[in-house]
Amino acid sequence: APVSIDLAETDAAKIGTLRKSGDKEHTGEGVKRIKVQGRVQRVAKQGGLIFVWLRRGMAIMQCVLAGDLAKTYDALVLVRETSMEIVGELWELPAGTHAPLNRELHADFFRIIAAAPGGDDAFVTRVPNDFDTTSSQASEALLNLRHLTLRHDKPAAVMFVRSVLEGAFHTAYRELAVTKVSPPALVQTQVEGGSTLFSLDYYGEPAYLTQSSQLYLETCLPSLGDVYCVEKSFRAEKSLTRRHLSEYTHVEAELDFIPFESLLDHIESIICRVVDLTLADPIAAKIIKEYNPDFERPSQPFMRMRYSDAIDWLRAKDIKNEEGNDHTFGDDIAEAAERRMTDEINRPIMLTHFPAGIKAFYMQRASDDDRVTESVDVLMPGVGEIVGGSMRIWDHDQLLAAYKREGLDPAPYYWYTDQRKYGGSPHGGYGLGLERLIVWLLKLWTVREACLYPRYMGRCRP
Ligand code: 4AD
Numbered sequence: 110a111p112v113s114i115d116l117a118e119t120d121a122a123k124i125g126t127l128r129k130s131g132d133k134e135h136t137g138e139g140v141k142r143i144k145v146q147g148r149v150q151r152v153a154k155q156g157g158l159i160f161v162w163l164r165r166g167m168a169i170m171q172c173v174l175a176g177d178l179a180k181t182y183d184a185l186v187l188v189r190e191t192s193m194e195i196v197g198e199l200w201e202l203p204a205g206t207h208a209p210l211n212r213e214l215h216a217d218f219f220r221i222i223a224a225a226p227g228g229d230d231a232f233v234t235r236v237p238n239d240f241d242t243t244s245s246q247a248s249e250a251l252l253n254l255r256h257l258t259l260r261h262d263k264p265a266a267v268m269f270v271r272s273v274l275e276g277a278f279h280t281a282y283r284e285l286a287v288t289k290v291s292p293p294a295l296v297q298t299q300v301e302g303g304s305t306l307f308s309l310d311y312y313g314e315p316a317y318l319t320q321s322s323q324l325y326l327e328t329c330l331p332s333l334g335d336v337y338c339v340e341k342s343f344r345a346e347k348s349l350t351r352r353h354l355s356e357y358t359h360v361e362a363e364l365d366f367i368p369f370e371s372l373l374d375h376i377e378s379i380i381c382r383v384v385d386l387t388l389a390d391p392i393a394a395k396i397i398k399e400y401n402p403d404f405e406r407p408s409q410p411f412m413r414m415r416y417s418d419a420i421d422w423l424r425a426k427d428i429k430n431e432e433g434n435d436h437t438f439g440d441d442i443a444e445a446a447e448r449r450m451t452d453e454i455n456r457p458i459m460l461t462h463f464p465a466g467i468k469a470f471y472m473q474r475a476s477d478d479d480r481v482t483e484s485v486d487v488l489m490p491g492v493g494e495i496v497g498g499s500m501r502i503w504d505h506d507q508l509l510a511a512y513k514r515e516g517l518d519p520a521p522y523y524w525y526t527d528q529r530k531y532g533g534s535p536h537g538g539y540g541l542g543l544e545r546l547i548v549w550l551l552k553l554w555t556v557r558e559a560c561l562y563p564r565y566m567g568r569c570r571p
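Going by full-length UniProt numbering, the sequence shown opens with residue 110, and the numbers climb by one from there.
This is the structure:
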């Protein structure tokens, strides 16, 4: 009976020895009969041979149908995405030819498991491989077919790196003894302002899809110590940009009894550790090299720049604000200006000490300048902001004053306020947009490419 193997299997004990190509004298000792299953990635006819690239997950095997097998009806009408089983011997490649893992399966039998259609309905007709994600029309049409385009090389590669990256975060936090928790998605409090809330009717009560798990993470500090989560956050962003989604994966952490400087050090080392762990995966490393050949692990320490210095920098470079005027202290630095600054400086920047007026209600003021907060955005070349973080107000009365200033009813925040009653502490945390990190790592055009099924204004399918 043939041995079933994965397409990427290399263990000699399982696959046996490869038959030497062109070696008529080979006794066949150690050569095994192999059985594989997968979907057709590519079919090429050459002479009397049919070369089938069989795909299963990310792995590919070149298979050769020859002689009578290549003349069967099923072989002659074979098209991309047909699933099939092939049985035969693994051979070394003829000199000067190339195939994955330098081998090919010489079939003596094959069986169609489910044939894919040809003609107008053929996979290659419906979803051509070379799409341009920067053209909005093409990308909308292709996103309607995301369930099929995911079978293309690049989307599959991006999803693979994403999986490695998520695993790397779990490893990196475990190394630092930060505990994972899973806060709720259905909430009754806002975190990052009312304008991007998705509201819903919750058994007759108003509720929202969470914008950030931060407030919940803060409540875990007294019981679990430092905590993190990797959850979905939701923002009703009313604009279409390359870096805004309505649903994104938010990596958030909260650290207890720390000063601001330690928060900055931690953020920088988590990013570097996660990059190192990802590069340590050989497949992920190969994909990063392919799509972002110039990628370099960022060196520590990151450049640190105060918001007020960024305003001076923008003025010196004559980069205007959204109204077309010179930037002045108190301006929100808009996406375009932020990208220009980050691309020009061309290294990670930790932008700190934003004015209180443009930041969230919960941020702690700086001890040396009451106008600004102990806050940080991490900016990366090619994408801009990937992390937002801060120290949190931990004094009870200051928090009540912050609700008031922001026009927030403190009632639904009773549980958050209580933290300041029972053993408050200087603490801080941050949120990192996973899709934006992926855009930076793989030099993608937009965060939409970093999602399995992106959600943004106007798109909620498939
Ligand atoms: O700066 P933000 O809004 O910060 C917070 O939500 C904090 N409460 C997080 C915390 O301290 N625990 O968002 C943090 C990060 C941004 O830097 C960005 O990477 C990402 O979340 N992000 C988005 N990513 C994709 N689409 C959107 N609409 C995003 N909004 C924020």
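Where a beta carbon is used, it is the ideal one built from N, C-alpha and C, also for glycine.
Only a predicted model underlies this, so the values are computations on that prediction, with no experimental measurement involved.
Grab the span of the beta strand (DSSP E) containing residue i for me, first residue to last.
i: Lys341; result: Val336 to Phe343
i: Val485; result: Ser484 to Met489
i: Met459; result: Ile458 to Thr461
i: Val173; result: Ala168 to Leu174
i: Asp310; result: Phe307 to Tyr311
i: Asp365; result: Glu356 to Asp365
i: Glu201; result: Ser192 to Glu201
i: Arg148; result: Arg142 to Gln155
i: Leu541; result: His536 to Gly542
i: His215; result: Arg212 to Ala223
i: Leu318; result: Glu314 to Leu318
i: Met500; result: Gly493 to Met500
Just to confirm, is the Cβ distance from residue i to residue j under 9 Å?
i: Ser476; j: Gly498; result: no
i: Arg501; j: Gln473; result: yes
i: Tyr539; j: Leu349; result: no
i: Ala216; j: Gly228; result: no
i: Thr451; j: Arg413; result: no
i: Arg406; j: Leu388; result: yes
i: Val290; j: Gly334; result: no
i: Ile379; j: Leu488; result: no
i: Val270; j: Leu561; result: no
i: Phe219; j: Ala184; result: yes
i: Leu354; j: Pro563; result: yes
i: Leu174; j: Ile124; result: no
i: Leu330; j: Val336; result: yes
In the DSSP assignment, the alpha helix (DSSP H) including residue i goes from what residue to what residue?
i: Arg514; result: His505 to Glu515
i: Arg165; result: Here Arg165 belongs to no alpha helix (DSSP H); instead the beta strand (DSSP E) covers Leu158 to Arg165.
i: Cys381; result: Phe369 to Leu388
i: residue 572; result: In the structure as shown, the chain starts at 110 and stops at 571, and residue 572 therefore has no counterpart that could be examined.
i: Phe269; result: Asp262 to Glu284
i: Thr451; result: Glu444 to Ile454
i: Pro391; result: Pro391 to Tyr400
i: Leu349; result: No alpha helix (DSSP H) contains Leu349, which DSSP labels as neither H nor E.
i: Ser417; result: Tyr416 to Ala425
i: Glu327; result: Gln323 to Leu333
i: Ile124; result: Ala121 to Ile124
i: His436; result: Run containing His436: none; DSSP gives neither H nor E here.
i: Ala184; result: Tyr182 to Leu185
i: Trp554; result: No alpha helix (DSSP H) contains Trp554, which DSSP labels as neither H nor E.
i: Leu257; result: Arg255 to Thr258
i: Thr526; result: Tyr523 to Asp527
Out of curiosity, what's the CA-to-CA distance linking residue i and residue j?
i: Thr524; j: Pro464; result: Checking the sequence shown, residue 524 turns out to be Trp, not Thr. Rounded to the nearest angstrom, the two C-alpha atoms are 27 Å apart.
i: Val186; j: Thr258; result: 23 Å
i: Arg570; j: Pro368; result: 44 Å
i: Arg164; j: Ala266; result: 13 Å
i: Gln299; j: Pro264; result: 33 Å
i: Ser332; j: Leu517; result: 27 Å
i: Tyr512; j: Tyr522; result: 9 Å
i: Asp527; j: Leu509; result: 11 Å
i: Tyr471; j: Val556; result: 28 Å
i: Lys180; j: Ser272; result: 42 Å
i: Glu447; j: Tyr416; result: 11 Å
i: Tyr182; j: Ile221; result: 11 Å
i: Pro391; j: Leu274; result: 13 Å
i: Ile396; j: Arg151; result: 20 Å
i: Pro402; j: Val548; result: 14 Å
i: Ile428; j: Trp162; result: 52 Å
i: Arg283; j: Glu370; result: 22 Å
i: Arg529; j: Gln323; result: 15 Å
i: Leu116; j: Glu190; result: 16 Å
Can you tell me the Cβ-Cβ gap for residue i and residue j, rounded? I've got them flagged as a contact below 8 Å.
i: Val112; j: Lys141; result: 6 Å
i: Asn455; j: Pro490; result: 5 Å
i: Val119; j: Leu210; result: As written in the sequence, residue 119 is Thr, which differs from the Val given in the question. So it is a contact: roughly 7 Å between Cβ atoms.
i: Glu201; j: Leu127; result: 5 Å
i: Val384; j: Leu543; result: Rounded, the Cβ-Cβ distance is 13 Å, inconsistent with contact.
i: Ser192; j: Arg235; result: That pair is no contact at about 17 Å.
Could you tell me whether the Cβ of residue i comes closer than 9 Å to any Cβ of chain C?
i: Val339; result: Looking at the structure shown, chain C is missing, and only one protein chain is on hand.
What do you reckon, is the C-beta of residue i under 8 Å from a heavy atom of the ligand GDP?
i: Arg448; result: Here the bound small molecules are the ligand 4AD; the ligand GDP is not part of this structure.
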